[in-house]
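Since the structure comes first, as structure tokens, the remarks are kept for the end.
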Ligand code: IPD
């Protein structure tokens with residue numbers, strides 16, 4: 565009888581393998597946060613700021629932190645793939661680390677302490693681990709799928725807000741989307757009665773939804789490194805999110821929406837970004 569060799573798909577990781585990755589992710593958030601603070605403390609003297617495009621900044625620290633994370637992960641988990649904001653992708657796609665070394669670079673280079681390191685681990689198209697560190701104020705957010713979300717080790721939950729006249733929605737902006745489209749959507753959210761803010765870090769914007777500090781975060785286009793860790797935080801903190809990775813989100817980005825359950829459905833309808841379970 566002829567037999568057909570079937571190539572086995574890489575098996576799902578054991579809990580122990582995920583635990584190891586979670587530990588390394590936590591350590592990297594701390595070491596990378598320290599490295600980011602070194603750059604931040606020398607911001608006037610030593611930080612050359614290059615432009616990758618309009619309103620898109622690159623400091624020396626972005627490159628140093630990404631190099632640190634990338635080389636550490638390659639040494640400890642050589643079988644895992646990597647996608648970073650500054651150096652792009654390499655390696656397999658079924659097990660991937662997705663990293664933004666400094667999210668909120670425009671804040672970082674102006675001396676505004678609202679920036680972070682964001683690290684996600686994705687297996688078979690699903691985020692399993694997400695960590696975000698804001699070293700300037702000593703906050704570390706962490707989530708593991710099925711294990712909840714924390715800030716500095718304490719459990720966090722999304723807000724219970726139901727009414728838009730008390731809701732605070734962060735609406736991210738970038739030059740990747742025409743300003744007219746951005747303004748039209750923001751006007752719709754304002755018309756619901758919400759307070760609309762923008763703080764310049766998509767990753768922290770999402771962490772703040774998980775933490776109940778904001779009721780929602782939306783952006784019409786964002787990249788995977790800016791949002792995957794934050795989206796897992798929101799899910800694990802009881803919020804609702806869109807299916808960001810559908811339709812090639814990992815490679816080319818997508819719209820993002822993450823919200824507390826009390827405001828999610830209406831917001832999704834108004835800005836036209838469907839939620840995960842719709
Ligand atoms: C940007 C920030 C910003 C968001 C943009 C991102 P960067 O990332 O997260 O808040 O609105 O979409 O590109 O350039 O600071 O890493």
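Numbering (our numbering), first residue to last: 565 to 842. From the three backbone atoms N, C-alpha and C, an ideal C-beta is built for every residue, glycine too. Since the structure is predicted, the reported quantities are computational estimates derived from the model, not experimental observations.
Simplified DSSP assignment, three categories, for residue i
i	result
residue 825	helix
residue 671	helix
residue 651	coil
residue 832	helix
residue 695	strand
residue 643	coil
residue 684	strand
residue 761	strand
residue 706	strand
residue 598	helix
residue 660	strand
residue 814	helix
residue 785	strand
residue 690	strand
residue 623	strand
residue 805	strand
residue 717	coil
residue 679	coil
residue 750	helix
residue 700	coil
residue 727	coil
residue 588	helix
Beta-carbon proximity check, residue i vs residue j, cutoff 9 Å
i	j	result
residue 817	residue 788	yes
residue 695	residue 777	no
residue 823	residue 781	yes
residue 798	residue 774	yes
residue 800	residue 769	no
residue 586	residue 708	yes
residue 629	residue 665	yes
residue 736	residue 762	yes
residue 806	residue 796	no
residue 728	residue 634	no
residue 740	residue 785	yes
residue 723	residue 779	yes
residue 825	residue 837	no
residue 731	residue 756	yes
residue 668	residue 767	yes
residue 765	residue 678	yes
residue 641	residue 654	no
Near ligand 1: residue i beta-carbon under 8 Å from a heavy atom
i	result
residue 806	no
residue 679	yes
residue 748	no
residue 771	no
residue 720	no
residue 694	no
residue 823	no
residue 624	no
residue 621	yes
residue 766	yes
residue 634	no
residue 649	yes
residue 578	no
Check: residue i C-beta below 8 Å from any heavy atom of ligand 2
i	result
residue 786	This structure simply doesn't include ligand 2; it includes ligand 1 instead.
So, do the stretch 713–720 and the stretch 806–814 have three or more beta carbon pairs nearer to each other than 8 Å?
no
Under 8 Å, with one C-beta from each stretch per pair, do the stretch 654–665 and the stretch 683–703 reach the 3-pair mark?
yes
Any contact of the stretch 596–611 with the stretch 693–713, i.e. 3+ C-beta pairs under 8 Å?
yes
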